[in-house]
Amino acid sequence: MDPRSEVLLRQAELFTGRVLLAGLPADDLLGELPDSLGWSWHAGEQATLAARFPGRSHFGTCPPLEVFTAAVLFLPKSRELTEYLLQALAARLPGAPLYLVGEKRAGVERAAKQLAAYGQPRKLDSARHCQLWQISVEQAPAAPDLESLAQRYELQLSDGPLKVVTLPGVFSHGRLDLGTALLLDHLDDLPAGSLLDFGCGAGVIGAVLKRRYPHSTVNMLDVDAFALASSRLTLAANGLDAQLIAGDGIHAAPKDLAAIISNPPFHQGVHTDYQASETLLREATRHLINAGELRLVANSFLKYPPLIEQHLGPCQTLAEGQGFRIYRAKRR
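This is the structure:
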């Protein structure tokens, strides 16, 4: 059981009835609170919850339409995302309780101050290196318009400007990260056929691929609903189309890909986690056609070339700079 869930269950009498658990972990909490509902924006956790508790967890960027009488927000990493989620929940709970639970090291005490916009925060419990806070929603806000919270910027590329739209909580919100900037300079000569932007984030790589290779099918995969929503907005802003896929890792990708291009993720919440990236390197060959190509950017200190060569083929370093390297390998 996740320690945040354990803290909730120490106060289980507060969570009887129709309680919405927002951002809940994929543990047995829905089983312990049988009248509760889940809301997840993590495709992997949603898949687990849907399999164990059919019909009780909603996936997306907005709260489910079902009526709930209280809500618990499991603290996300991003302050901007926390602000959106609290407003979205408070808008549905006039006069009702809203709870916040999170790890101390994730900044739950700081985040509890964001609750003050809707009521008087009070700490209910502190255990398992986590804290539980509560307010009664005294002044319910209007439901937030997620798209109005987007940040927009424009990239000046060799084939013209590209508009980028990022939503709260999405990687590199409001700016182009250094790794992706380096990768954008090394997307020439990809093989013809279906392409995959793995860990698409705000959709920068996928949009560039579709514009540069208009006759290729471009697939854009991410675990996060807010990232997929951002990618959809970026594509629309540039008049482009691609296939958006919600999935937790490379196993959710199509087969018979001509190339996989990625600035792979290495964070899960506040924790560093290389599992998705390492699984990509191990399993890429299962998704690539013969002579299909993997091209990715990674921090220079990560020892990816041995993994690439073990599971895919000879690894070439195309470029290096700003603490990143571009690797290329073809399926043997």
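For the sequence shown, position 48 (counting from the first letter as 1) is numbered 48 according to full-length UniProt numbering, and the numbering increases by one without interruption.
No residue lacks a Cβ here, since even glycine has one placed at the ideal position from N, Cα and C.
Boundaries (first-last residue) of the alpha helix (DSSP H) holding residue i
i	result
PRO161	Segment 160 to 166 is the beta strand (DSSP E) holding PRO161; no alpha helix (DSSP H) there.
GLY31	29 to 32
SER5	3 to 10
GLY44	43 to 52
TYR84	79 to 90
GLY179	178 to 184
ALA111	108 to 112
SER57	Here SER57 belongs to no alpha helix (DSSP H); instead the beta strand (DSSP E) covers 57 to 59.
ALA142	That residue, ALA142, is in no alpha helix (DSSP H); it is neither H nor E in DSSP.
LEU100	Run containing LEU100: none in the alpha helix (DSSP H); it sits in the beta strand (DSSP E), 97 to 103.
PHE226	225 to 237
Beta-carbon proximity list for residue i, same chain, < 6 Å, skipping 5 on both sides
i	result
PRO141	GLN87, ALA90 and ALA91
LEU209	LEU195 and VAL218
CYS315	PRO305, ILE308, GLU309, TYR327 and ALA329
ALA253	LEU196, LEU221 and HIS287
ILE260	LEU196, PHE198, ALA284 and LEU294
TYR99	VAL72 and GLN134
Outcome for residue i when other beta-carbon atoms lying within 10 angstroms are tallied against a minimum of 16
i	result
GLN139	exposed
MET220	buried
ALA329	buried
VAL7	buried
ALA22	buried
THR180	buried
ARG295	buried
GLN46	buried
LEU157	exposed
TYR118	buried
ALA112	buried
GLY169	buried
LEU65	exposed
SER148	exposed
Cβ shell of residue i (< 7 Å), same chain only, five flanking positions each side left out
i	result
HIS271	With a pLDDT of 44 at HIS271, under the threshold of 50, the modelled position of this residue cannot be trusted, and the question is left open.
ASP256	SER194 and ILE289
ALA127	VAL7 and ARG10
LEU24	GLY38, SER40 and PHE74
LEU244	MET220, LEU228, SER231 and ARG232
HIS42	VAL223 and ASP224
ASP28	MET1
Extent of the continuous beta strand (DSSP E) run through residue i
i	result
THR317	315 to 321
ILE205	Taken as a continuous stretch (DSSP letters only), ILE205 belongs to no beta strand (DSSP E), being part of the alpha helix (DSSP H) at 204 to 212.
ILE308	Note, ILE308: premise wrong, no beta strand (DSSP E); alpha helix (DSSP H) at 304 to 311.
GLN275	Note, GLN275: premise wrong, no beta strand (DSSP E); alpha helix (DSSP H) at 275 to 283.
VAL218	218 to 222
GLU154	151 to 157
SER40	37 to 40
ALA192	Here ALA192 belongs to no beta strand (DSSP E), and DSSP marks it neither H nor E.
ALA136	The amino acid occupying residue 136 in the given sequence is Ser; Ala does not appear at that position. Its beta strand (DSSP E) spans residues 130 to 136.
TYR327	324 to 330
GLY292	288 to 299
SER148	Careful: SER148 lies outside any beta strand (DSSP E) and carries neither H nor E.
ASP125	122 to 127
Proximal residues to residue i (C-beta, below 8 Å), its chain only, five neighbours per side dropped
i	result
LEU300	Here the sequence assigns Ser to residue 300, which means Leu is not the residue at that position. So the list reads GLU320, GLY323, PHE324 and ARG325, once near-sequence residues are dropped.
ALA150	VAL165, THR166, LEU167, SER230 and LEU233
ALA12	GLU32 and LEU33
SER172	THR166, THR180, GLY201 and ALA202
Residue i versus residue j - alpha carbon distance
i	j	result
THR317	GLY206	22 Å
ALA71	GLY160	46 Å
GLU83	LEU146	11 Å
SER40	TYR274	22 Å
PHE53	ARG4	19 Å
ALA106	ARG282	31 Å
ARG332	ASP189	18 Å
LEU175	GLY17	What sits at residue 175 in the sequence shown is Arg, not Leu. One C-alpha to the other measures close to 42 Å.
ALA96	VAL137	6 Å
LEU155	PRO265	22 Å
GLU278	LEU228	22 Å
ILE250	ALA26	20 Å
LEU280	LEU312	11 Å
LEU182	LYS77	26 Å
ALA51	GLY44	11 Å
HIS186	GLY247	26 Å
VAL108	GLY102	5 Å
LEU93	CYS62	15 Å
SER57	LEU85	16 Å
PRO191	SER216	10 Å
Beta carbon proximity, residue i to chain D, threshold 8 Å
i	result
LEU98	No chain D appears in the structure shown, which is made up of a single protein chain.
With three or more C-beta pairs closer than 8 Å as the rule, is the segment 146 to 166 touching the segment 233 to 250? yes
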